[in-house]
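In our numbering, the protein residues as written are 1122 to 1488.
Glycine included, C-beta positions come from ideal geometry on N, C-alpha and C.
Notes follow once the structure below has been shown.
Okay, structure coming up:
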């Protein structure tokens, strides 16, 4: 493929190498440069990945950079995305789109006014696992989906993440860290959410870091760490969801869907593959399903690649991991806390299009 989109990566932290690796997979992407507040970190990543290290301002002024990949901490997502848009760059951000709904709306409004595109993680739903699940749903193996469950239950990231404090600050927590994977996967399978009813809580006022980098450090907890609620979809499905950093062990599947013709166990939406099981009245047992789509490995940057194709299409092609989808997920996440605080069900205002399924038979490195 001759046409490529030049990308600049801002934020060279824990997740960045997955994006550098993913960008090498997709032929439409070319990493031009990277930037980080820590100059030495950016220089090390640049040397490791064969690109240029720049300051943030230099990267945003670089005419070779058409698409900015925003991998900063959640609290900085809006600031960097808006700066990139102001510089005339398209943006693909790590999740969440922003911490506040107001900032998320400003990002989307700014992009629209400037004729630029916004994409946002997670893009794991574009992997072979959830594309196979989508095909099973679309092909009618479940009939009409009437209900389901979604569980992300853990003890939090403080035992492995080298800098876990931000997970317990505003914009962090299990919902803003892991919720986007589950909500986005469900919207991919079922379409947009209509209403949320929820209760939130937190088990501890402070946590203790047990990662080797900060072992024994006390981490104040500013946000809820246990979210439980019901999501009603415009399709009519009702999903019970619990997202928590307060659980040692459990026996739940990440996502299950229950339909009039069968049931499905979906994989972890924080992966690109994973086992898929289907139960129907004809089989009367859970049967593991073969994958219908490729991209089963860690393919982070697949959403950015899809966005790059949309940029090159000049409006003829829509990208799947879109800013509109991410804003919808952000509104749903905020609705958990708002519902818990007010004791009322929260109507979701945004209603994005359900992302289009990927076609069968894709060539490796293309979409």
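Contact set for residue i: own chain, Cβ-Cβ below 8 Å, skip 5 residues either direction
{"i": "residue 1220", "result": "1195, 1196, 1198, 1199, 1291, 1292 and 1297"}
{"i": "residue 1454", "result": "1217, 1296, 1297, 1300, 1301 and 1304"}
{"i": "residue 1413", "result": "1249, 1252, 1253, 1256 and 1481"}
{"i": "residue 1157", "result": "1131, 1132, 1133, 1134, 1163 and 1166"}
{"i": "residue 1402", "result": "1382 and 1383"}
{"i": "residue 1267", "result": "1357, 1358, 1359, 1379, 1380 and 1381"}
{"i": "residue 1438", "result": "1430 and 1431"}
{"i": "residue 1210", "result": "1129, 1181, 1186, 1187, 1188, 1189 and 1237"}
{"i": "residue 1407", "result": "1386, 1398, 1399 and 1400"}
Sub-7 Å separation of residue i and residue j beta-carbons
{"i": "residue 1189", "j": "residue 1129", "result": "yes"}
{"i": "residue 1421", "j": "residue 1476", "result": "no"}
{"i": "residue 1206", "j": "residue 1233", "result": "no"}
{"i": "residue 1457", "j": "residue 1372", "result": "no"}
{"i": "residue 1285", "j": "residue 1319", "result": "no"}
{"i": "residue 1271", "j": "residue 1302", "result": "no"}
{"i": "residue 1411", "j": "residue 1150", "result": "no"}
{"i": "residue 1187", "j": "residue 1132", "result": "no"}
{"i": "residue 1460", "j": "residue 1317", "result": "yes"}
{"i": "residue 1310", "j": "residue 1258", "result": "yes"}
{"i": "residue 1486", "j": "residue 1148", "result": "yes"}
{"i": "residue 1355", "j": "residue 1315", "result": "yes"}
{"i": "residue 1399", "j": "residue 1385", "result": "yes"}
{"i": "residue 1466", "j": "residue 1452", "result": "no"}
{"i": "residue 1433", "j": "residue 1124", "result": "yes"}
{"i": "residue 1390", "j": "residue 1306", "result": "yes"}
Residue nearest to residue i in terms of C-alpha spacing, selected from the options
{"i": "residue 1300", "options": "1335, 1347, 1334 and 1445", "result": "1347"}
{"i": "residue 1246", "options": "1124, 1435, 1256 and 1223", "result": "1256"}
{"i": "residue 1450", "options": "1163, 1409 and 1241", "result": "1241"}
{"i": "residue 1478", "options": "1251, 1324, 1418 and 1444", "result": "1251"}
{"i": "residue 1276", "options": "1429, 1368 and 1124", "result": "1368"}
{"i": "residue 1429", "options": "1177, 1238, 1229 and 1202", "result": "1238"}
{"i": "residue 1201", "options": "1184, 1178, 1332 and 1185", "result": "1178"}
{"i": "residue 1153", "options": "1278, 1268, 1325 and 1168", "result": "1168"}
{"i": "residue 1134", "options": "1144, 1125 and 1160", "result": "1160"}
{"i": "residue 1484", "options": "1333, 1416, 1215 and 1139", "result": "1416"}
{"i": "residue 1445", "options": "1209, 1140, 1144 and 1230", "result": "1230"}
{"i": "residue 1474", "options": "1140, 1448 and 1434", "result": "1448"}
{"i": "residue 1278", "options": "1333, 1313 and 1260", "result": "1333"}
{"i": "residue 1357", "options": "1488, 1264, 1180 and 1226", "result": "1264"}
{"i": "residue 1086", "options": "1321, 1335, 1438 and 1463", "result": "There is simply no residue 1086 to check, as the chain begins at 1122 and stops at 1488 in what is shown."}
{"i": "residue 1171", "options": "1181, 1141 and 1180", "result": "1141"}
{"i": "residue 1468", "options": "1374, 1408 and 1313", "result": "1313"}
{"i": "residue 1143", "options": "1173, 1393, 1362 and 1208", "result": "1393"}
Own chain partners of residue i with C-beta closer than 6 Å, once the 5 adjacent residues on each side are dropped
{"i": "residue 1424", "result": "1240, 1244 and 1442"}
{"i": "residue 1376", "result": "1271 and 1387"}
{"i": "residue 1269", "result": "1360, 1377, 1378 and 1379"}
{"i": "residue 1395", "result": "1250, 1388 and 1389"}
{"i": "residue 1214", "result": "1191, 1198, 1202 and 1241"}
{"i": "residue 1374", "result": "1386"}
Beta-carbon contacts of residue i that lie in its chain and below 7 Å, excluding the five residues immediately before and after
{"i": "residue 1289", "result": "1328, 1340, 1341, 1342, 1343 and 1344"}
{"i": "residue 1295", "result": "1273, 1346, 1348, 1364, 1365 and 1366"}
{"i": "residue 1405", "result": "none"}
{"i": "residue 1137", "result": "1130, 1166 and 1192"}
{"i": "residue 1183", "result": "1129, 1153, 1154 and 1175"}
{"i": "residue 1326", "result": "1342"}
{"i": "residue 1322", "result": "1345 and 1347"}
{"i": "residue 1224", "result": "1199"}
{"i": "residue 1064", "result": "Absent from the model: residue 1064. The displayed extent of the chain is 1122 to 1488, so no value can be given."}
{"i": "residue 1222", "result": "1451, 1452 and 1455"}
Short CB-CB distance (under 7 Å) between residue i and chain D
{"i": "residue 1136", "result": "No chain D is part of this structure, which consists of one protein chain only."}
Scan the region 1176–1251 and note each continuous alpha helix (DSSP H) run of 4 residues or more that stays entirely inside, going in chain order.
Counting only runs of at least 4 residues, the region 1176–1251 fully encloses the following alpha helix (DSSP H) elements, listed from N- to C-terminal order: 1177–1182, 1195–1207 and 1222–1235.
Below 8 Å, can you find three or more Cβ-Cβ pairs linking the region 1332–1348 to the region 1374–1384?
When Cβ pairs closer than 8 Å are counted between the two stretches, the region 1332–1348 is seen not to touch the region 1374–1384, the count staying below three.
What alpha helix (DSSP H) runs, 4 residues minimum, are completely inside the region 1353–1408?
Counting whole runs of 4 or more residues, the region 1353–1408 contains no alpha helix (DSSP H) stretch at all.
Those runs of the beta strand (DSSP E) which lie wholly inside the region 1274–1325 and span at least 3 residues
Taking 3 residues as the minimum length, the beta strand (DSSP E) runs contained wholly in the region 1274–1325 are 1314–1322, in order along the chain.
In chain order, each alpha helix (DSSP H) run of at least 4 residues that lies wholly inside the region 1143–1172:
List check, alpha helix (DSSP H) in window: 1160–1170.
For the region 1405–1469, which segments carrying the alpha helix (DSSP H) assignment without a break, of at least 4 residues, lie completely within its bounds, in sequence order?
Listed in chain order, the complete alpha helix (DSSP H) runs (minimum 4 residues) inside the region 1405–1469 are 1423–1433 and 1444–1463.
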